[in-house]
Amino acid sequence: MVQVDEVIGRQLHSDVALVNQIGHYIVGSGGKRIRPRLLLMAAAALGHHGPRAHTLAAVVEFIHTATLLHDDVVDESNLRRGRQTANAMFGNAAAVLVGD
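Position in the sequence shown counted from 1, then plus 834, gives you our numbering.
Right under this line is the structure:
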């Protein structure tokens, strides 16, 4: 999972400071990364290892995170995993922008 987290970290960079801030806040909130783990296990079972599998696992995590961002806006949630949601901290528009 270290390699997947490295891919995620590299992809979080943006020239827009607020996007950087929200991206790092969301990724830093933790989570079990179940979906990327399942993808890596399925890939390994089929004989696929390495950077391509790590990239695809990161993509799966980004998609999952995007759905959480949008879900929190729609549900008007203020907490997720014991922390303020991105929309509670940065506003709905910023949360949707990063989710997109």
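We put the CB at the ideal spot given by N, CA and C, even for glycine.
Here the structure is a predicted model, which is why all the values come from computation and not from measurement.
Inspect the beta-carbon positions of residue i and residue j and report whether they are closer than 9 Å.
i: residue 894; j: residue 915; result: no
i: residue 911; j: residue 899; result: no
i: residue 922; j: residue 906; result: yes
i: residue 838; j: residue 932; result: no
i: residue 861; j: residue 843; result: yes
Quickly, what does DSSP pair residue i with across the bridge? List them, please.
i: residue 917; result: 914
Under 8 Å by Cβ, that's how I've got residue i and residue j pegged, so tell me the actual separation to the nearest angstrom.
i: residue 841; j: residue 882; result: Actually they are not in contact, since the Cβ atoms of residue 841 and residue 882 sit about 15 Å apart, beyond 8 Å.
Out of the options, which one is the CA nearest neighbour of residue i?
i: residue 847; options: 890, 872 and 859; result: 859
i: residue 836; options: 855, 930, 849 and 891; result: 891
i: residue 930; options: 908, 913 and 878; result: 908
i: residue 865; options: 934, 896, 925 and 879; result: 896
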